[in-house]
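First residue of the sequence shown? That's 1 in the UniProt record's numbering, and the numbers climb one at a time after it.
Structure first, then comments.
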Amino acid sequence: MHLLTMKGTYELRVDMEDFEGNKVYAQYSSFSVGPEAEGYLLTLGSFKDGGAGDSLVYHNGQKFSTLDKDQDLDAANCAHPGKATVPKAEIREKLAKMYKTTPDVVFVFGFRTQFGGGKTTGFAMVYDSLDYAKKNEPKHRLARHGLYEKKKSSRKQRKERKNRMKKVRGTKKASVGAAGKK
Numbered sequence: 001m002h003l004l005t006m007k008g009t010y011e012l013r014v015d016m017e018d019f020e021g022n023k024v025y026a027q028y029s030s031f032s033v034g035p036e037a038e039g040y041l042l043t044l045g046s047f048k049d050g051g052a053g054d055s056l057v058y059h060n061g062q063k064f065s066t067l068d069k070d071q072d073l074d075a076a077n078c079a080h081p082g083k084a085t086v087p088k089a090e091i092r093e094k095l096a097k098m099y100k101t102t103p104d105v106v107f108v109f110g111f112r113t114q115f116g117g118g119k120t121t122g123f124a125m126v127y128d129s130l131d132y133a134k135k136n137e138p139k140h141r142l143a144r145h146g147l148y149e150k151k152k153s154s155r156k157q158r159k160e161r162k163n164r165m166k167k168v169r170g171t172k173k174a175s176v177g178a179a180g181k182k
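Below is the structure:
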């Protein structure tokens with residue numbers, strides 16, 4: 001990023017859209033990242049408000065953190081030397097604190113730990129509310145959070161449904177399968 005931004009003056013514009021289709025943006029007159037010797041220092045120019053607010057003001061003048069080098073002012077550290085991995089509950093709590101929300105609307109997934117521990121990468125979704133999370137998250141992730149419970153059917157019911165499905169083909173299977181799920 002430093003090599004790209006050192007060759008000229010660049011503007012930074014961050015566009016966002018919420019679930020209702022409302023669009024906002026934040027624009028900065030200049031944007032640069034310093035060299036490695038300076039810890040990849042972020043420098044932003046003047047702010048133009050497009051309704052999103054100036055949430056990068058906290059990061060202006062700060063160094064970038066990487067998994068192996070914690071350089072920010074936050075108490076939470078991305079790296080976890082000496083541990084095999086960090087518990088997902090701990091990651092959810094740290095992300096919730098960073099985004100000023102509760103851990104129940106933070107969904108973490110897709111984590112991969114490097115051989116020998118020390119570094120983990122993954123993804124997280126932070127929702128505005130629990131209703132949005134229930135609407136958009138897959139059922140298996142909701143089940144991990146205790147927000148969805150699959151209805152258990154007896155062994156007999158499962159066998160009867162399977163045998164009914166064997167007797168029909170094509171689109172009729174949908175109506176036969178739905179009949180058994182009362």
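All C-beta atoms, glycine included, are put in the ideal place defined by N, C-alpha and C.
- Distance from the CA atom of Val106 to the CA atom of Tyr148, rounded to whole angstroms, is 15 angstroms.
- With fewer than 16 other Cβ atoms inside 10 Å of its own Cβ, Ala174 counts as exposed.
- Between Ser29 and Ser46, the CB-CB gap stays under 7 angstroms.
- Cβ contact annotation for Ala96 (same chain, cutoff 7 angstroms, sequence separation greater than five): Thr102, Pro103 and Val106, in chain order.
- Put simply, of Tyr25, Pro35 and Lys151 the residue whose alpha carbon is nearest the alpha carbon of Lys7 is Pro35.
- The beta strand (DSSP E) runs lying completely inside the region 85-133 and spanning 3 residues or more are 106-113 and 120-126, given in chain order.
- Between the alpha carbons of Lys48 and Met16 lies a distance of about 15 angstroms.
- Judged by beta-carbon spacing, Arg158 lies beyond the 7 angstroms limit of Val176, meaning their Cβ atoms are not closer than that value.
- Around the beta-carbon of Ala143, fewer than 16 other beta-carbon atoms lie within 10 Å, marking it exposed.
- For Tyr58, the three-state secondary structure derived from DSSP is helix.
- DSSP places Arg155 in the helix class (H, G or I) of the three-state scheme.
- According to the DSSP assignment, Ala143 belongs to the alpha helix (DSSP H) that extends over Lys139 to Arg144.
- Between Ala52 and Val24, the CB-CB gap stays under 7 angstroms.
- Taking C-alpha positions only, Val33 is separated from Gly61 by approximately 10 angstroms.
- Where Leu3 is concerned, the enclosing alpha helix (DSSP H) starts and stops at His2 to Thr5.
- Assignment of Arg169 by DSSP, reduced to helix, strand and coil, places it in the coil class.
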